[in-house]
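Q:
Residue numbers (this note's numbering): 2 to 205.
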């Protein structure tokens, strides 16, 4: 399992770096503007429709996942249809925002969530119920045969770079390398908390 995570980190960082370098050649342009200026109209429309379909299903799966979590752990008595309707209303409101306002909104959400994430992480690693022996035992299986499903799941954490196809409109200069190091560190921490802490957490 662990070697699958290592492979996912290498693949995810490589794809993210390559994608960023490619879009850095088109500062201030998103994917729609790039293909509009370089491809004929029928082909550009076909590509846009294809990407729109992929993004629709990716967003739909994420939305359904959030609804299931809210229904299962927050309020089981609340109808899933009502939750879906509320989320759809919010989405219909947000999709009217220009790219810059969406970016600002994401930054605000991140700024609000970081203290809660840090608090939960500190409480988890300092918990009396966390067994480091179990975590070290999992580490002994580092050389187990990698699994393509595990690689795909672990590399999902790096998939956010795909949104640069739209947010590249806001980037007028190249992204600094220090940003990749920060992303690398945060990704390692996230993978650790997502994989190792559930393994080591034992509530008696």
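Virtual Cβ for every residue (Gly too), placed ideally from N, Cα, C.
Three-state secondary structure (DSSP) at residue 79?
A: coil
Q: Using 10 angstroms around the beta-carbon of residue 41, count the other beta-carbons present and answer buried if the total reaches 16, otherwise exposed.
A: exposed
Q: Would you grab the beta carbon distance between residue 85 and residue 68 for me? Rounded to a whole angstrom, and I think it's under 8 Å.
A: 6 Å
Q: List, from N- to C-terminal side, the alpha helix (DSSP H) runs of 4 residues or more that fit wholly inside the stretch 141-183.
A: 149-156, 165-168
Q: Quick one: what's residue 106 bridged to in DSSP?
A: Answer by DSSP bridge pairing: none, since residue 106 is not bridged.
Q: Is the CB-CB distance between residue 155 and residue 192 below 9 Å?
A: yes
Q: Under 8 Å by Cβ, that's how I've got residue 167 and residue 31 pegged, so tell me the actual separation to the nearest angstrom.
A: Right, their Cβ atoms sit about 5 Å apart.
Q: Nearest CA to the CA of residue 100: which residue from 50, 172, 51?
A: The shortest Cα separation from residue 100 among 50, 172, 51 belongs to 172.
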